[in-house]
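If you read the sequences in order, they're chains E and B.
Under UniProt numbering, the first residue of the first sequence is numbered 1, with each subsequent residue one higher.
Under UniProt numbering, the first residue of the second sequence is numbered 1, with each subsequent residue one higher.
Worksheet for the structure shown next.
Protein chains: 2
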Amino acid sequence: MRPPIDLSLYLVTDEAQCRSRGRTTRETVLAAVDGGATCVQLRAKGTDGGSFLAEVLDIAEAVGRRVPVIVNDRVDVLLAARELGAPVAGVHLGQSDLPVSVVRRLIGEEALIGLSAATPAQLRAAEGGGACDYVGIGTVRATRTKTNAPAGLGVDGVGALAALTALPAVAIGGIAIDDLPGLRAAGLEGAAVVSAICLAEDPRDAAARLREAWEGGGPA
Amino acid sequence: MRPPIDLSLYLVTDEAQCRSRGRTTRETVLAAVDGGATCVQLRAKGTDGGSFLAEVLDIAEAVGRRVPVIVNDRVDVLLAARELGAPVAGVHLGQSDLPVSVVRRLIGEEALIGLSAATPAQLRAAEGGGACDYVGIGTVRATRTKTNAPAGLGVDGVGALAALTALPAVAIGGIAIDDLPGLRAAGLEGAAVVSAICLAEDPRDAAARLREAWEGGGPA
């Protein structure tokens, strides 16, 4: 079966944001893991499969034995990376991606599946069949990372949704460091961040401060 | 091993073109197969995996036992459709998609792999390892279907490339009915068309005339 996943500080990559700070995605991920990120989701919407696979192989080799590396959406990229021996942990699916039940049959019992959910019905569906390992609940605050994301649910809204599911839940969407104590108090198992690390001046330092805030030290 | 594939009249779908004629992709494919299309590649760049899988399932159920249904790019969609019992025949890959050698390991020996190739080096690579079942050579004529396609090679240029490979070759890219006799004489095993069917007033009739032209009757 799957190993447990520490969702505490879950980095979701955004290549354009990293590039706007003069860094590669790989550099950003390495710095964030050094700083304390506990897992990494590689996301490359609009990128061809070959380029995405190359990035997944490269970054998984760099950090995949330290923290779980999760592939966004492209189950075939996960399968190809695994076939080539890279330490990839699983796949994260959105509501409009391939269905969780079929993906579980394709990737077997050893790999993780995360699912984005934003409503009680989606959370109930995520629990069905036992195929899903965690849910990503959001958006916490309105964000520009995903143009099709719903308006922000707020810390309280995300917490209320998290209370509806027995699955480990990570909050996502426009999360700032000041949100972390509230999210943890509301029962979330972690916070997923994009711009708080990818757009940070120093992603290692940003990850360290976010992790500290999550662990209870509070923002500096 | 894989069954042989009749590449003679190879329809590649374009949803926007079908819609511009007031038809669904499914309606267009059914009409084209009724008219004589010998295989169908479903292409849905920019569509989410879930929607693309639904389309593949729907169209494969409708025509997949009459002609081979090939999935463009998304190996995971092929695998999911197969897992769900749909009669899908294989996948078509571009040069920037997942590598053929890895895809063969993921999909096994029963499914077809086609690869787009536009240069002698790409054709040589396609033959390596024996994983590829056919190549798509183009662009024959400059086309607006793919904005990143190279300038047209012409019938002679495509024929010269086809002569370099032992793999079955289908020409693609801006092909009109008058090109078919020349392409066949140049050693191609078939012609892949998009707009000649998707934008046709009557896709069944268009397919029938294209097939007749390919078989040697020449254009009406």
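Every residue gets a Cβ at the ideal spot worked out from N, C-alpha and C, and that includes glycine.
Straight-line gap, residue i to residue j (C-alpha atoms, nearest Å)
i	j	result
Val63 of chain E	Gly85 of chain E	14 Å
Thr13 of chain E	Gly94 of chain E	15 Å
Leu210 of chain B	Val40 of chain B	14 Å
Val77 of chain B	Gly216 of chain E	43 Å
Glu201 of chain B	Thr139 of chain B	24 Å
Glu61 of chain B	Gly36 of chain B	18 Å
Gly187 of chain B	Ala117 of chain B	16 Å
Thr25 of chain B	Val155 of chain E	43 Å
Leu7 of chain E	Pro87 of chain B	39 Å
Ala220 of chain B	Leu161 of chain B	Reliability fails at Ala220 of chain B, whose pLDDT of 48 lies under 50, so the model's placement of it is uncertain and the value that follows must be treated cautiously. Each residue's alpha carbon lies about 29 Å from the other.
Pro68 of chain B	Leu9 of chain B	12 Å
Arg141 of chain E	Trp214 of chain E	18 Å
Ile113 of chain E	His92 of chain E	6 Å
Asp48 of chain E	Pro99 of chain B	11 Å
Arg23 of chain B	Asp97 of chain E	25 Å
Val194 of chain B	Pro203 of chain B	11 Å
Ala185 of chain E	Lys45 of chain E	32 Å
Thr38 of chain E	Arg66 of chain E	9 Å
Leu153 of chain E	Leu79 of chain B	36 Å
Ala121 of chain B	Gly159 of chain B	16 Å
Gly50 of chain E	Leu53 of chain B	20 Å
Leu183 of chain B	Thr28 of chain B	24 Å
Ala206 of chain B	Val102 of chain B	37 Å
Ala169 of chain B	Ile70 of chain E	38 Å
Asp58 of chain E	Asn72 of chain E	15 Å
Ala176 of chain E	Ile197 of chain E	10 Å
Ser126 of chain E	Pro181 of chain B	The sequence given here places Ala at residue 126 of chain E; Ser does not occur at that position. Their backbone Cα atoms lie some 55 Å apart in a straight line.
Leu11 of chain B	Ala208 of chain B	12 Å
Arg124 of chain E	Asp34 of chain B	43 Å
Thr119 of chain E	Glu212 of chain B	54 Å
Outcome for residue i when other beta-carbon atoms lying within 10 angstroms are tallied against a minimum of 16
i	result
Pro4 of chain B	exposed
Arg43 of chain E	buried
Glu110 of chain E	exposed
Ala171 of chain B	buried
Ala16 of chain E	exposed
Gly90 of chain B	buried
Gly173 of chain E	buried
Asp178 of chain B	exposed
Ala163 of chain B	exposed
Arg19 of chain E	exposed
Gly128 of chain B	exposed
Glu55 of chain B	buried
Gly190 of chain E	buried
Arg74 of chain B	buried
Arg82 of chain E	buried
Ala151 of chain B	exposed
Ala192 of chain E	buried
Ala166 of chain B	exposed
Listed by chain order, chain C residues near residue i by CB distance under 7 Å
i	result
Gly49 of chain B	The structure shown contains no chain C; its protein chains are E and B.
**Prompt:** Can you find at least 3 beta carbon pairs, one from the stretch 122 to 138 of chain E and one from the stretch 97 to 109 of chain B, that sit closer than 8 Å?
**Reply:** no
**Prompt:** Name the residues in the stretch 54 to 82 of chain E whose C-beta lies less than 8 Å from a C-beta of chain B; which are they?
**Reply:** Asp73, Arg74, Val75, Asp76, Val77, Leu79, Ala80
**Request:** Taking a Cβ distance cut-off of 9 Å, strictly less, list which residues of the stretch 93 to 118 of chain B are near chain E, in chain order.
**Result:** Leu93, Gly94, Gln95, Ser96, Asp97, Leu98, Pro99, Val102, Val103, Arg105, Leu106
**Asked** When you check each C-beta in the stretch 5 to 18 of chain B against every C-beta of chain E, which residues fall closer than 7 Å?
**Response** none
**Message:** If we require 3 or more residues per run, which beta strand (DSSP E) segments fall completely within the stretch 26 to 94 of chain E?
**Reply:** 39 to 42, 69 to 72, 90 to 93
**Message:** What ranges does the alpha helix (DSSP H) occupy inside the stretch 100 to 150 of chain B, keeping only unbroken runs of at least 4 residues that lie completely in it?
**Reply:** 100 to 107, 120 to 127
**Message:** If the cut-off is 9 Å on Cβ atoms, which residues from the stretch 168 to 191 of chain B count as contacting chain E, listed in chain order?
**Reply:** none
**Asked** Between the stretch 195 to 213 of chain E and chain B, which residues of the former have a C-beta closer than 8 Å to a C-beta of the latter?
**Response** none
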